[in-house]
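Those sequence lines, one after another, are chains A and B. Residues 17 to 292 (our numbering) make up the first sequence, in order. Residues 17 to 292 (our numbering) make up the second sequence, in order. What follows is a single structure, written as structure tokens, with notes after it.
Number of protein chains: 2
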Amino acid sequence: MNRQQLIEQIKKKKSFLCIGLDTDIELIPRFLLDFPDPVLEFNKRIIDSTYDLCVAYKPNSAFYESRGIAGWQSLIQTSQYIPAGCLRLIDAKRGDIGNTSAMYAKAFFDEKSSGMNFDAITVAPYMGIESVKPFLEFEGKWVVLLVLTSNEGGKDFQFLKIGDQCLFERVIEAANGWAGNDRMMYVVGATRSEEFKAIRKLAPDHFLLVPGVGAQGGSLQEVSRYGLNKECGLLVNSSRGIIYASKENDFAERAREEALKLQQEMSILLEEKGII
Amino acid sequence: MNRQQLIEQIKKKKSFLCIGLDTDIELIPRFLLDFPDPVLEFNKRIIDSTYDLCVAYKPNSAFYESRGIAGWQSLIQTSQYIPAGCLRLIDAKRGDIGNTSAMYAKAFFDEKSSGMNFDAITVAPYMGIESVKPFLEFEGKWVVLLVLTSNEGGKDFQFLKIGDQCLFERVIEAANGWAGNDRMMYVVGATRSEEFKAIRKLAPDHFLLVPGVGAQGGSLQEVSRYGLNKECGLLVNSSRGIIYASKENDFAERAREEALKLQQEMSILLEEKGII
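Take a look at the structure:
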């Protein structure tokens, strides 16, 4: 899914919602354990009940890896189940030297190699440009680079001062030179809305993936006030707040209700901004 | 394998060699393709021919992930095949918020969950302490934190100046507070031996994993001059230089010859330093 297609989906669905599939087999309704692949069954039902309200799904690779082979099977099947109108974003936070990042790119982008055909992947910046380039060699795929994360530990390094800039600002400046805004997005933690202004100065046109709304405490209103640009430029993620809205048999309906609340809020925000 | 056991193995084998299992199915001898799991068969033969010369094996997760389910099967079986006298180190460069890092820890440390029972994992520091802590909650396991990497792109951020220190020095200072040298090692790229002095000032007693000897151009002599401490304190990795010493049917014998050369050099270095 390219930038133009993503923007079209946002306008059509009046939503910039990304749903995080952090699916933990311990937390899904017990009746699903009777299915051959309970996690896949859970994801399918979540997707079936929300795909018209969101523009992206973001499985969190760790939750699948933790279950070994069975987990990878769930992840592969989930990636194939995400419908065409939604960005398939794998949250894997990979990053290594060139020949190794090239292998990670095959793992998540090259269906013939691995069974997975994601559109986008989260990447960690510490090892620099070589962590990113091999992913961009896959035509039309996206890198979603960690810039400012919503966790407490994000402060350990991301706010260190280099001259008059913070490290996260230096990461954006460098990464702006690695790819255009049609191939690169930035991860920006929503619990720090005051930083959005600084980020929008450096990356006015980029899409920002905001992971911290909901369980991590960010506010959609505040994120949107500072983060929305004239083509939207935001993907706001909610995981636990949607997929675990209920742990009973009605989980898919309750997930839809929560997704709908966010979509309706987003629809108003997009209108106010004159995007739709 | 705890610190004391690792030091005992180093003294017994007169070696601080780590062999990187960056096993690429495209690069292994063709006759192995007749085996049910060619990558596993390759790894087994490499391990069989070298385990008395090295103290650690380091599979590179990306190379396995790139092959989807088949690759994970090879990785799980490989992890189980590494003998008890060698540290089982997975090079996975993970790191995320707490609940996600906890899942990665299950993936690589908790055999019941995933089939894998590694002793140690490489972790990226950008997201701070929460990236590291969940791994340390597994008793006796190690975090091997990225500090200074041997790739060109490592310069993009790791050498940025924060006051009078470089970012990589700040990473060490912070991480020294997260765990002791019995649970934490640091990754230090060997192509920058001049930095070893600075690192040894901040981490005199830690084990350092040095990934860049061989194909990436580092010198064992120089690394050892600055990096060895009184209990050795180094794991020097070689991947391609050993496992692809020959691409013919004699690959395992040739791997042993290359490993032996390094082990013999290491034996002299350990003697000179008075460690054995």
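Ideal placement from N, C-alpha and C gives every residue a C-beta, glycine not left out. As the structure is a computational prediction, the values presented were derived from the model and not from experiment.
Exercise. Could you tell me which chain A residues have their CB closer than 8 angstroms to the CB of B:PHE79, listed as they occur along the chain?
Key: Simply THR116 and MET119.
Exercise. Quick one: give me the first and last residue of the beta strand (DSSP E) that B:PHE223 is part of.
Key: In the DSSP assignment, B:PHE223 falls within the beta strand (DSSP E) that extends over 223-226.
Exercise. Go through its chain and collect everything with a Cβ distance to A:GLY249's Cβ below 6 angstroms, but skip five positions before and after it.
Key: Here the set comprises PHE223.
Quiz prompt | Stretch-stretch touch, CB-based, cutoff 8 angstroms, three pairs: the stretch 58-67 of chain A with the stretch 18-25 of chain A | solution = The stretch 58-67 of chain A, when compared against the stretch 18-25 of chain A, does not touch it at the 8 angstroms Cβ threshold.
Quiz prompt | 8 angstroms Cβ cutoff met for A:GLY169 and B:GLY144 | solution = Their beta carbons are under 8 angstroms apart, which means A:GLY169 touches B:GLY144 by this criterion.
Quiz prompt | Exposed unless 16 or more other CB atoms sit within 10 angstroms - verdict on B:SER235 | solution = Result: exposed.
Quiz item: Should B:LEU244 go down as buried or exposed, given a rule of 16 or more other Cβ atoms within 10 Å for buried?
Solution: Classification of B:LEU244: buried, given that the 10 Å Cβ count is 16 or more.
Self-check item: Residue-chain proximity (A:PRO141, chain B), Cβ-Cβ < 8 angstroms
Solution: By this cut-off, A:PRO141 is an interface position.
Quiz item: Hey, out of A:ILE259, A:GLU211 and A:SER262, whose CA is closest to A:VAL239's CA?
Solution: With distances taken between Cα atoms, A:VAL239 lies closest to A:GLU211.
Self-check item: Of the listed residues B:PRO99, B:LEU161, B:SER77 and B:SER65, nearest to B:GLY196 (C-alpha basis)
Solution: Restricting attention to B:PRO99, B:LEU161, B:SER77 and B:SER65, the CA atom closest to the CA of B:GLY196 is found in B:LEU161.
Quiz item: Quick one: does A:ASN167 have its CB under 8 angstroms from some CB of chain B?
Solution: So yes, A:ASN167 belongs to the interface.
Quiz prompt | Per-residue contacts from B:ARG186 into chain A (C-beta, under 8 angstroms) | solution = Those are PHE173 and LEU176, listed as they occur along chain A.
Quiz item: Can you list, in chain order, the residues of its chain whose CB lies under 7 angstroms from that of A:GLN89, leaving out five sequence neighbours each side?
Solution: The residues are ASP53.
Quiz prompt | Short-range partners of chain A found in the stretch 20-44 of chain B, where Cβ spacing is below 7 angstroms | solution = Cβ contacts with chain A: none found.
Quiz item: Taking only beta-carbon atoms, is A:GLY131 less than 8 angstroms away from chain B?
Solution: Between A:GLY131 and chain B, the shortest Cβ-Cβ separation is below 8 angstroms.
Quiz prompt | B:LYS156, buried or exposed, once every other Cβ within 10 Å from all chains shown has been counted against 16 | solution = Note that residue 156 of chain B is Gly in the sequence shown here, rather than Lys. With fewer than 16 other Cβ atoms inside 10 Å of its own Cβ, B:GLY156 counts as exposed.
Exercise. State whether the stretch 93-100 of chain A contacts the stretch 65-83 of chain A, with contact taken as three or more CB pairs (one from each stretch) at a distance under 8 angstroms.
Key: Using a C-beta cut-off of 8 angstroms, the stretch 93-100 of chain A makes contact with the stretch 65-83 of chain A, since at least three inter-stretch Cβ pairs fall below that distance.
Quiz item: Is it true that the CB of B:PHE134 sits closer than 8 angstroms to the CB of B:ILE113?
Solution: B:PHE134 sits away from B:ILE113, with the two beta carbons spaced by 8 angstroms or more.
Quiz item: Is the Cβ-Cβ distance between A:LEU276 and A:LEU22 less than 8 angstroms?
Solution: Not closer than 8 angstroms, so no.
Quiz item: Which value, in whole angstroms, describes the spacing of the CA atoms of B:GLY87 and B:LEU43?
Solution: Straight through space, the alpha carbons of B:LEU43 and B:GLY87 are spaced by roughly 15 angstroms.
Quiz item: What whole-angstrom Cβ distance do A:ILE188 and A:LEU225 have, given they're in contact under 8 angstroms?
Solution: About 13 angstroms; that fails the 8 angstroms criterion.
Quiz item: Taking the DSSP output, what are the residues bridged to B:VAL139?
Solution: Residue pairing from DSSP places B:VAL139 in a beta bridge opposite B:ARG110 and B:LEU161.
Quiz item: Between the stretch 61-90 of chain A and chain B, which residues of the former have CB atoms less than 8 angstroms from a CB of the latter, in chain order?
Solution: Along the stretch 61-90 of chain A, going in chain order, the ones with a CB nearer than 8 angstroms to a CB of chain B are ASN76, ALA78, PHE79, GLU81, SER82, ARG83, GLY84, ILE85, GLY87, TRP88 and GLN89.
Quiz item: To the nearest whole angstrom, what separates the beta carbons of B:ASP38 and B:SER255, a pair I think is in contact under 8 angstroms?
Solution: Indeed they touch by this definition, with Cβ atoms about 4 angstroms apart.
Exercise. Starting from the C-beta of A:ALA214, find all residues in its chain whose C-beta is less than 7 angstroms away, skip the five residues before and the five after it, and write them out in chain order.
Key: Residues GLU185 of the same chain have their beta carbon placed closer than 7 angstroms to that of A:ALA214, with the five preceding and five following residues left out of the count.
Quiz item: Does the beta carbon of A:LYS122 sit closer than 8 angstroms to a beta carbon anywhere in chain B?
Solution: Closer than 8 angstroms to the CB of A:LYS122 there is at least one CB belonging to chain B.
Quiz item: Out of curiosity, what's the CA-to-CA distance linking B:LEU164 and A:LYS122?
Solution: Approximately 26 angstroms, taken between the alpha carbons.
Quiz item: Does the beta-carbon distance from B:THR66 to B:ARG272 come in below 8 angstroms?
Solution: Pairing B:THR66 with B:ARG272 gives a Cβ-Cβ distance under 8 angstroms.
Quiz item: Does B:LYS109 have its Cβ less than 8 angstroms from a Cβ in chain A?
Solution: Closer than 8 angstroms to some Cβ of chain A, the Cβ of B:LYS109 qualifies, so yes.
Quiz item: Within the 8 angstroms Cβ cut-off, does B:SER147 reach chain A?
Solution: So, interface residue.
Quiz item: With 8 angstroms set as the bound, which would you pick, yes or no: does the beta-carbon of B:ASP53 sit closer than that to a beta-carbon of chain A?
Solution: Output row for B:ASP53: interface = no.
Quiz item: How many Å lie between B:LYS177 and A:ASP172 at the Cα?
Solution: Roughly 15 angstroms separates the two Cα atoms.
Self-check item: Where B:ARG46 falls, given that 16 or more other Cβ within 10 Å makes a residue buried
Solution: So B:ARG46 counts as exposed.
Quiz item: Roughly how many whole angstroms lie between the Cα atoms of A:LYS149 and B:GLU287?
Solution: Straight-line Cα distance between these residues: approximately 43 angstroms.
Practice problem: Tell whether a beta-carbon distance below 8 angstroms holds between B:GLY179 and A:SER129. | Solution: Taking the C-beta atoms as reference points, A:SER129 is found no nearer than 8 angstroms to B:GLY179.
Quiz item: How big is the Cα-Cα spacing for A:GLY290 and A:LYS27?
Solution: In a straight line, the C-alpha of A:GLY290 is about 11 angstroms away from that of A:LYS27.
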